[in-house]
Amino acid sequence: MNEIAEKPPIAAIATPVGEGGIAVIRVSGLNAISKVNEAFKDKDLTKQDSHTVHFGKIMNKNNLPVDEVLVTLFRSPKSYTGEETVEISCHGGVLVTQSVLETILALGVKSAEPGEFTQRAFLNGKLDLDQAEAVADLIHAKSSKALDAAHQQLEGQLGHHIKSFRQQIIDATAMVELELDFIEEDVEFANKEQLQKLLEDLDEEITKLLETYETGRLVKDGVKTVLIGRPNAGKSTLLNTLVGSDRAIVTEIAGTTRDTIDADWSYDGLLFKLIDTAGLRETQDIVEAEGVKRSQKAFEQADLVIYLKDLSQAFTEDERKEIADFQKRSKETPFILIGTKADIEAEKEWRTEFDLKISALEGEKIKELKQLLKDRALENKHYDASSLLVTSTRHRDALQKTKEHVQSALRALAQDMTGDFLSIDLRAALKELGTITGEITNEDVLDSIFSRFCIGK
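At position 322 of the sequence shown (counting the first as 1) the number is 788 in this note's numbering, and the numbers step up by one without a gap.
This is how it looks when you write it as structure tokens:
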């Protein structure tokens, strides 16, 4: 635990702004309790114990009541930030909440920046940097699986792995550098086979963790799912059916959708970011043509592609070529071919094999479609509800660089290079791992991380 270095107090509304039963104003920093005590007239808060709650009134500088409140005290270091902290629970109206906050700020307390409370918690050793990031992920989670992943990281599961990796590298570095210290005495401290086994095992462990990133990204950010097909293929109808509302306009007029339409939909704890696109066709309409271009761009950025074919219309050769082209271009991206309007099929035998035939309008096979989307999205992905997932691009990049340094050390070992070369790679690997948990920090990185937070957290 770092030594707590309390900074001047900050304050912010910690609950969403709006009308509600209660709102909470958080105050943290040096002498936070005595500052709040200046406006709290019913009891001397400075004489009260930590983790106690007190009822009274907040009074403004004119000694007029602002609101009746409950004040909760947290003395350092037993608080979220590690600093002296006060949480003021007041009535939840917009005006009254703002009035309480302004009363506290008028006492010389600074208005908090986004994420400043959590940043102080990190700087005071209450959280590792990856745990601080998990707080933001927890706040922004839009699905139960994203919530689970954030909880795992907040509980320190990623940090546990990183610290294990660091210890293994420290052990290897100690073996190498101790031998360097006694190089003139021809003493062997670093057994080559033992060192190689240690680094190979470490490389394998890092690789396994890295392999979870693609799944982690989908769980955290959602599966970007693009609906493509010819005009009037039923793309907008399907989007509305999945979302459960009229998100997209549906008409019998071809070309109604002229721009991409986004909507979030969750199934079995996984978030899908649905994108309805303009129907694919040659057109002289400038606006529709731009929509078709955007459809192509959305396809290129997709995690999952659904091509919809209107079964009430016979296949054209152009459609067959188009589907074959999309299947070829999708490469690693899962591609699903869905027949729509199955209730009014034009043909009984189709030369093309569909993954599923549905009728969004009649609700036919929609349940099966939902399961199909989830299965394809996670197909060939490393996913276990209880296992740790790497969800951050920053963490992935640091792990990848760590792996590269470990592999470089293995090559140096295989080529019988001196311990100096091994030591350089091992120390570089240590540095990369340190950036994940925050042992090694960069101000620009910290600013970027904590700017994601809302004010009050």
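From the three backbone atoms N, C-alpha and C, an ideal C-beta is built for every residue, glycine too. None of these values were measured; they are calculated from a predicted model.
Can you give me the C-alpha to C-alpha distance between residue i and residue j, rounded to a whole angstrom?
i      : j      : result
Gln634 : Ser545 : 33 Å
Leu912 : Ala640 : 30 Å
Ala602 : His557 : 26 Å
Thr717 : Gly700 : Unreliable placement is indicated for Thr717, whose pLDDT of 45 sits below 50; no coordinate value is reported for it.
Tyr733 : Asp596 : 28 Å
Ile476 : Ile605 : 21 Å
Glu504 : Leu573 : 8 Å
Lys629 : Asn497 : 35 Å
Leu569 : Ile524 : The amino acid occupying residue 569 in the given sequence is Thr; Leu does not appear at that position. Cα to Cα, the separation comes out at about 8 Å.
Gln618 : Lys608 : 16 Å
Lys507 : Leu620 : 38 Å
Leu511 : Ile499 : 7 Å
Gly591 : Ile921 : 21 Å
Phe655 : Gly885 : Caution applies to Phe655, whose pLDDT of 49 falls short of 50 and renders its modelled position unreliable; the model cannot decide the point.
Arg541 : Leu624 : 29 Å
Trp731 : Gly710 : 9 Å
Phe919 : Glu830 : 43 Å
Ala612 : Asp594 : 20 Å
Ala615 : Leu855 : 7 Å
Ser494 : Ala578 : 9 Å
Ser516 : Ala587 : 18 Å
Lys840 : Pro531 : 55 Å
Ile694 : Asp821 : 15 Å
Arg877 : Arg860 : 26 Å
Asp728 : Asp742 : 6 Å
Glu845 : Lys823 : 21 Å
Ala480 : Glu783 : 60 Å
Asp910 : Lys658 : 40 Å
Val535 : Gly548 : 24 Å
Lys836 : Thr673 : 32 Å
Asn528 : Leu561 : 18 Å
Thr707 : Leu827 : 8 Å
His626 : Asp667 : 17 Å
Phe916 : Glu472 : 19 Å
Lys923 : Ala598 : 10 Å
Phe801 : Asp863 : 28 Å
Arg893 : Glu671 : 18 Å
Pro482 : Gln564 : 12 Å
Glu643 : Phe631 : 18 Å
Ala895 : Gly622 : 21 Å
The beta strand (DSSP E) spanning residue i covers which residue range?
i      : result
Lys730 : Here residue 730 is Asp; the residue named in the question, Lys, does not match the sequence. Residues Ile727 to Tyr733.
Leu704 : Run containing Leu704: none in the beta strand (DSSP E); it sits in the alpha helix (DSSP H), Lys701 to Val709.
Leu792 : Inspection of the sequence shows that residue 792 is occupied by Phe rather than by Leu. Taken as a continuous stretch (DSSP letters only), Phe792 belongs to no beta strand (DSSP E), being part of the alpha helix (DSSP H) at Glu783 to Ser796.
Val771 : Leu770 to Asp776
Ile741 : Leu736 to Asp742
Val692 : Val689 to Gly695
Specify, as a first and last residue, the run of the alpha helix (DSSP H) that residue i falls within.
i      : result
Glu811 : Neither: Glu811 is in no alpha helix (DSSP H) and is coded neither H nor E.
Phe583 : Glu582 to Leu589
Ile890 : Gly885 to Thr903
Thr859 : Thr859 to Ala880
Asp924 : Here the chain has residues from 467 to 923 only, and residue 924 is not among them.
Ser914 : Glu909 to Phe916
Lys611 : Ser610 to Leu620
Please list, in chain order, all residues of the same chain as residue i whose beta carbon is under 8 Å from its beta carbon, the five residues on each side excluded.
i      : result
Thr431 : The requested residue 431 is not part of the displayed model; the chain covers only 467 to 923.
Lys847 : Glu680, Thr681 and Leu684
Thr799 : Ala768, Asp769, Leu770 and Val771
Leu664 : Gln634, Asp637 and Ala638
Asn424 : With the chain running from 467 to 923 in the structure shown, residue 424 is simply not present.
To which residues of the same chain is residue i closer than 6 Å at the C-beta, ignoring the five residues directly before and after it?
i      : result
Asp891 : His871, Ser874 and Ala875
Ser610 : Gly735
Thr538 : Val519 and Glu553
Ala600 : Ala616, Gln619 and Leu620
Asn526 : Val532 and Thr569
Gly487 : Gly558
Please go through the same chain and pick out, in chain order, the residues whose beta-carbon is closer than 7 Å to the beta-carbon of residue i, but skip the five residues on each side of it.
i      : result
Ile906 : Lys897 and Gly900
Leu661 : Ala638, Met641 and Leu879
Glu485 : Gly558, Gly559 and Val560
Val575 : Pro475, Ile476, Ala477, Val493 and Lys501
Glu834 : Leu822
Between residue i and residue j, which are expected to be in contact by the criterion C-beta below 8 Å, what is the C-beta distance as a whole number of angstroms?
i      : j      : result
Leu865 : Leu675 : 6 Å
Thr857 : Lys739 : Incorrect: roughly 16 Å between the Cβ atoms, too far for contact.
Lys843 : Val689 : In the sequence as presented, Lys is not what sits at residue 843; that position holds Ala. That pair is a contact at about 5 Å.
Thr806 : Leu704 : 7 Å
Asp669 : Lys867 : Going by Cβ atoms, the distance from Asp669 to Lys867 rounds to 13 Å, so no, they are not a contact pair.
Ala808 : Ser825 : 5 Å
Query - Completely contained alpha helix (DSSP H) runs for the region 652-685, where each covers 4 or more residues - result: 658-676
Report task. Counting only runs of 4+ residues fully inside the region 475-507, write out the alpha helix (DSSP H) ranges in chain order. Result -> 498-503
Requested in this report: Just list the alpha helix (DSSP H) runs in the region 500-587, keeping only unbroken ones of 4 residues or longer that don't cross its boundaries, in chain order.
Outcome: 560-571
Report task. Just list the alpha helix (DSSP H) runs in the region 825-849, keeping only unbroken ones of 4 residues or longer that don't cross its boundaries, in chain order. Result -> 832-843
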